[in-house]
Amino acid sequence: EASGSAKEMKASITGSGKVYASNFVVDKCEVRISGSGDVEINVKSDLDANITGSGSVSYKGNPSHINSHSSGSGHVRKM
Numbered sequence: 001e002a003s004g005s006a007k008e009m010k011a012s013i014t015g016s017g018k019v020y021a022s023n024f025v026v027d028k029c030e031v032r033i034s035g036s037g038d039v040e041i042n043v044k045s046d047l048d049a050n051i052t053g054s055g056s057v058s059y060k061g062n063p064s065h066i067n068s069h070s071s072g073s074g075h076v077r078k079m
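Letter by letter, the sequence shown follows residues 1 to 79 in full-length UniProt numbering.
Written out as structure tokens, the structure reads:
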């Protein structure tokens with residue numbers, strides 16, 4: 001489980017994988033999942049998520065802007 005903070009984070013999962021970063025606070029996060037990956041993140045400002053497949057993005061925080069696109073059964077949800 002990652003912890004700390006940063007201005008920006010980019011996460012990319014192809015196939016299956018998990019990113020546990022709900023205690024890692026970022027201003028901006030870009031997530032790309034192709035397959036069945038799962039990402040947990042804490043976002044303050046901008047969340048951009050693109051999911052192809054059955055992946056999921058779970059976020060903490062109150063981002064002012066959320067841009068999400070999912071093709072398949074993937075989803076973005078607040079924790």
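Built from N, CA and C at the ideal position, the CB exists for glycine as well.
The beta strand (DSSP E) enclosing residue i, as first and last residue numbers
i, result
"Ser45", "Asp38 to Gly53"
"Asn67", "His65 to Ser71"
As assigned by DSSP and simplified to three states, the class of residue i
i, result
"residue 80", "Because the chain here runs from 1 to 79, residue 80 falls outside it and cannot be looked at."
"Met79", "coil"
"Gly61", "coil"
"Gly4", "strand"
"Gly74", "coil"
Local Cβ density within 10 Å of residue i, reported as buried at 16 or more and exposed below that
i, result
"Ser56", "buried"
"Glu1", "exposed"
"Asn67", "exposed"
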